[in-house]
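Q: According to my numbering, the sequence shown holds residues 376 to 740 in order. Each residue gets a CB set at the ideal place from its N, CA and C atoms; glycine is no exception. Values in this document were obtained by computation on a predicted structure and should not be read as measured data. For reference, the structure I am asking about is given below.
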Amino acid sequence: MLASLLPKDRATLLENNAKIGAKILISGGGKCNITNADMGTEYYLGDEDFMAPSLKAFDEKALLRWLERQRLHPVLRKETQYFCKNSAKELLDVLNKEAKKQNIICSTEVLGVTKRDDIFYVQTNKKTYTAHNVVIASGGLSFPKLGASAIGYEIAEHFGHSIVRTAPALVGFTVQKEQFFFKELSGVSTLVDIRVGDRVCKGSLLFAHKGLSGPAVLDASLYWEKGKMEIDFLPEFSWKAIQGSKKQISSLLALPKRVTKAFLIELDVEDKAYHTLTEVELTRLQNLSHYVFAPAGTFGYSKAEVTKGGVDTSEVDSATMMSKKEEGLYFIGEVLDVTGRLGGYNFQWAFSSAFICAKHIKGKR
376 MLASLLPKDR ATLLENNAKI GAKILISGGG KCNITNADMG TEYYLGDEDF MAPSLKAFDE
436 KALLRWLERQ RLHPVLRKET QYFCKNSAKE LLDVLNKEAK KQNIICSTEV LGVTKRDDIF
496 YVQTNKKTYT AHNVVIASGG LSFPKLGASA IGYEIAEHFG HSIVRTAPAL VGFTVQKEQF
556 FFKELSGVST LVDIRVGDRV CKGSLLFAHK GLSGPAVLDA SLYWEKGKME IDFLPEFSWK
616 AIQGSKKQIS SLLALPKRVT KAFLIELDVE DKAYHTLTEV ELTRLQNLSH YVFAPAGTFG
676 YSKAEVTKGG VDTSEVDSAT MMSKKEEGLY FIGEVLDVTG RLGGYNFQWA FSSAFICAKH
736 IKGKR
């Protein structure tokens, strides 16, 4: 995006892979969730004051207008999420076409960056490049098979920057032995509310072979560090409404039958007429509205959509994306300690931070 926004022949783009945009092609189930109609700093993990100038300068409406000018018309799905109509390749084609005005060099691994006499020296596996400005847009550690690496963090540290501890995010959870019965429900999904600290993530939970996945779980992983979270498996359910009911428990609970039966076994509650439940059984059953769960861990970087943590934003100028420690060194996108929820927020951050960075570089002589 930065290469697209800069004037012709102003930049050299160094890409580790044989082609640019490998991660774009697999995002959003291959359709690429570009942005979201509900945009704001509250959908991100990070310093809201740092994010605000970028998201204001180039918001979702500005992005959509820019894409329309390139004849890409994203479609609105899932109420607020904008996707490519047919394939993520549509977005990649636009970026490829626009970025071609720069010098794009693929299959080139950056090994490090140094600076002498106001000139940056970018060492690669092929040759050393010189520049007055260097922009680190190397992303995080997620999807190593697509070429993800820690080079952005290593360059930042070389120039005295602090790195906020990184971890896989927008990723599924593995389970402890107490929840091994979840694995028997693999493939079943249900709507839940997940509370992590003071954050609530609503949406679908998918029981998976490895543990738990699905949109609500992936969002919850953004806020989870370690310890417990609370899952409401019956978010719109009223216990009062079924008080005294003579129907079987399994026919009353707003859950897939397989899930209900598995939980009844786990909670040691017989599937019987609701009105015959003892106080102890009722208390156990109502735990489904505030089920306490402590993940064993996550599925890791190989399955994580993004990396949380990164270059400390207190050491970067929010108005320009330039380092406060080194003139001419910039950081944009996921390499920074800014991570969005599911729904196009991370793409929007990449584009917004690129816009504000391009504006500053264009203003330089």
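1. Looking at D607 and L663, is the spacing between their C-beta atoms short of 9 Å?
2. So what does S588 bridge to, in DSSP terms?
3. Compute the beta-carbon to beta-carbon distance between T688 and L711, rounded to the nearest angstrom, for a pair I have assumed lies under 8 Å.
4. Does DSSP classify C459 as helix, strand or coil?
5. With L486 as the anchor, note down where its beta strand (DSSP E) starts and where it stops.
6. Closer than 6 Å by C-beta to S693: which residues in its own chain qualify, once you throw out the five before and the five after it? Chain order, please.
7. Rounded to whole angstroms, what is the Cα-Cα separation between M376 and V634?
8. Quick one: what's got a C-beta closer than 7 Å to E532's C-beta in the same chain, skipping five residues either side?
9. Counting along the chain, where does the alpha helix (DSSP H) carrying K636 start and finish?
10. Excluding the five sequence neighbours on either side, which residues of its own chain have a C-beta within less than 8 Å of the C-beta of K622, listed in chain order?
11. Where do the ends of the alpha helix (DSSP H) carrying T688 lie?
12. What are the uninterrupted segments assigned as beta strand (DSSP E) that are 3 or more residues long and contained completely in the stretch 468-535, given in chain order?
13. Residue range of the beta strand (DSSP E) that D607 falls in?
14. Between which two residues does the beta strand (DSSP E) holding I395 run?
15. Taking the alpha carbon of L560 as the point to measure from, which residue in K394, D384, F582 has its own alpha carbon closest?
A: The answer reads as follows:
1. Cβ distance < 9 Å, so L663 and D607 count as in contact.
2. For S588, the pairing in a beta bridge is given by DSSP as L581.
3. About 6 Å separates the two Cβ atoms, so the contact holds.
4. In this structure, C459 counts as coil in the three-state DSSP scheme.
5. Counting along the chain, the beta strand (DSSP E) containing L486 begins and ends at 485-491.
6. Contacts found: F425, P428.
7. Approximately 45 Å, taken between the alpha carbons.
8. Excluding sequence neighbours, E532 sits near I538.
9. Here the alpha helix (DSSP H) through K636 covers 632-642.
10. Hits under 8 Å: A648, Y649.
11. Secondary structure note for T688: it is in no alpha helix (DSSP H), with a DSSP letter that is neither H nor E.
12. If we require 3 residues or more, the beta strand (DSSP E) runs fully inside the stretch 468-535 come out as 478-480, 485-491, 494-499, 503-506, 509-511.
13. Taken as a continuous stretch (DSSP letters only), the beta strand (DSSP E) holding D607 covers 604-607.
14. DSSP places I395 outside any beta strand (DSSP E), giving it a letter other than H or E.
15. Considering only K394, D384, F582, the residue with the shortest C-alpha distance to L560 is F582.
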